[in-house]
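Each residue of the sequence shown is one higher than the last, beginning at 5 in the numbering used here.
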Amino acid sequence: MITAVSSRAEVIKWMEDFVGEKITELLKSVEDSWQPADLLPDSTLDNFLGEIKELRERAKELSYDLLAVLVGDTITEEALPTYESWLMTIDGLPSDPNGPWMRWNRAWTAEENRHGDILNRYLFLSGRINMREMEASTQYLIADGFDLMTDNDPYRSFVYTSFQETATNISHRRVAQIAKREGDNVLAKLCGHVAADEARHAKAYKAFVSKIFEADANEMMLAFEDMMRKKIVMPAHYMRELGVDMGKTFGHFTDAAQRIGVYTSADYTDILEGLIKEWKIETLTGLNEAGERARDYVVALPARLKRVAERMKVPQLEYKFRWIAD
5 MITAVSSRAE VIKWMEDFVG EKITELLKSV EDSWQPADLL PDSTLDNFLG EIKELRERAK
65 ELSYDLLAVL VGDTITEEAL PTYESWLMTI DGLPSDPNGP WMRWNRAWTA EENRHGDILN
125 RYLFLSGRIN MREMEASTQY LIADGFDLMT DNDPYRSFVY TSFQETATNI SHRRVAQIAK
185 REGDNVLAKL CGHVAADEAR HAKAYKAFVS KIFEADANEM MLAFEDMMRK KIVMPAHYMR
245 ELGVDMGKTF GHFTDAAQRI GVYTSADYTD ILEGLIKEWK IETLTGLNEA GERARDYVVA
305 LPARLKRVAE RMKVPQLEYK FRWIAD
């Protein structure tokens, strides 16, 4: 029985059956999953070189900013070892390798692993990318790690993953839309597949938080407030290129994303509004005085962020990325 004084570890343990259900509901088996080979030219077929030539011709029409965003997304996805190891450090997660939490971590990682694979393979085949430069940035990002300011706390961590998986769904979906407009239906299709995965993952993490609110509403509310006061940082915020200081390239990457509308300050606010609605924050009960103040802050935050976003200008300064060959 979960009580008002239950610890985080007790709540996480209580959720095990629920997590097991979400593995079945929101993650796919290997047999039912798409693989990168399904969506890119097959090297075993006689028409492989012809398909590569067609892919490269389409890729010539992709805009500079779209390529920059696609490379940044790829580097972010390929830093998966960092994210898996981070999830393993969350306090209170049972370490039983056959238990629901560890099975979730492995299955989620296995699905995510395909994203970097397919994006990397596409960029390699496109002929538009300096692969060594991109690979160095990926190595940097894994080696540099990140600080998501979740303090190894499960409540804060699942606020973060709920937000971040939603953001990556938006980013990949928008890249797919732009790629289609620019005439590359193969890129559009593969980014659409990645976006669909991210949508399922976001749904799962949001469900985890909803379940925690059932058991420990006040502490969950305080954790939500704390993460929003800190602001949600992207996992690639330390991104850099060879010869560039840690984190310097990330700002140029986000500028490019803002310029072409892949991910903007308005999207950040929209995600927050979606979480407030998803978790029924405005009608939440059972809060103490600190919890009520936290709720009031979070509910009022989207309006404040919108006013700030209205004053922001779309960044115009273009940056020459070392990743892009031309």
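Even glycine gets a Cβ: it sits at the ideal position worked out from N, Cα and C. None of the values given here were measured: they were computed from a predicted structure.
Original post:
In whole angstroms, what separates the C-alpha of Arg132 from that of Glu65?
Top reply: 10 angstroms
Subject >> Cut-off 6 angstroms between Cβ atoms - residues of its own chain near Ile122, not counting five sequence neighbours on either side >> reply: Pro40, Leu194
Original post:
Helix, strand or coil for Ile236 per DSSP?
Top reply: coil
Subject >> Beta-bridge pairing of Ile133 - partner residues as DSSP gives them >> reply: Ile328
**OP:** Taking only the alpha-carbon atoms, compute the straight-line gap between Ile79 and Gly120 and give it to the nearest angstrom.
**Re:** 7 angstroms
Subject >> Beta-carbon gap between Ala180 and Ala192 smaller than 8 angstroms >> reply: yes
Original post:
What span of residues does the alpha helix (DSSP H) with Arg244 cover, start to end?
Top reply: Premise fails: Arg244 is in no alpha helix (DSSP H) and is neither H nor E.
**OP:** Between the Cα of Arg204 and those of Ser130, Leu30, Tyr301, Val163, spot the shortest distance and give me the residue it belongs to.
**Re:** Leu30
**OP:** Report all residues from its chain with a CB closer than 6 angstroms to the CB of Asn222; omit the five preceding and five following residues, and keep chain order.
**Re:** Leu291, Asn292, Gly295
**OP:** Give a yes or no on whether the C-beta atoms belonging to Arg3 and Gly96 are separated by under 8 angstroms.
**Re:** A query on residue 3 cannot be resolved here, the shown segment of the chain reaching from 5 to 330 and no further.
Subject >> Own chain, CB closer than 7 angstroms to Val15, minus 5 neighbours either side, in chain order >> reply: Ile6, Ile216, Ala219, Asp220
**OP:** Could you confirm whether any beta carbon from chain B is found closer than 8 angstroms to the beta carbon of Thr258?
**Re:** Of the protein chains in this structure there is only one, and it is not chain B.
Subject >> Three-state secondary structure (DSSP) of Ile333 >> reply: The structure shown does not extend to residue 333, since the chain is modelled only from 5 to 330, so the question has no answer here.
Subject >> Of the listed residues Gly76, Tyr267, Thr113, nearest to Asp90 (C-alpha basis) >> reply: The sequence given here has Trp at residue 90, not Asp. It is Thr113 whose Cα lies nearest to the Cα of Trp90.
Original post:
Do Tyr209 and Glu245 have their C-beta atoms within less than 8 angstroms of each other?
Top reply: no
Subject >> 8 angstroms CB neighbourhood of Glu277 in its chain, flanking five on each side removed >> reply: Pro306
Original post:
With DSSP run on the structure shown, which of helix, strand or coil describes Leu47?
Top reply: The amino acid at residue 47 is misidentified as Leu; the sequence shows Ser. Ser47 falls in the coil class under three-state DSSP.
Subject >> Close Cβ partners of Val312 (< 8 angstroms) along its chain, the five nearest in sequence each way excluded >> reply: Ser269
Subject >> Start and end residues, alpha helix (DSSP H) containing Leu309 >> reply: 293 to 315
Original post:
Excluding sequence positions up to five away, which residues of its chain have a Cβ less than 7 angstroms from the Cβ of Asn173?
Top reply: Ala199, Glu202, Ala203, Ala206
Original post:
In terms of alpha-carbon separation, which member of Ile94, Asp77, Val248 lies closest to Ser161?
Top reply: Ile94
Original post:
Where do the N-terminal and C-terminal ends of the alpha helix (DSSP H) with Asn189 fall, by residue?
Top reply: 189 to 219
Original post:
When burial is assigned at 16 or more other CB atoms within 10 Å of the CB, is Glu82 buried or exposed?
Top reply: buried
**OP:** Just tell me which of Gly265, Met238, Gly247 has its CA closest to the CA of Glu255.
**Re:** The residue asked about is misnamed: residue 255 is Gly in this sequence, not Glu. Ranking the options by Cα distance to Gly255, first place goes to Met238.
Subject >> Nearest-angstrom Cβ-Cβ length linking Val163 and Phe228, presumed shorter than 8 angstroms >> reply: 5 angstroms
Subject >> Beta-carbon proximity list for Arg178, same chain, < 6 angstroms, skipping 5 on both sides >> reply: Val266
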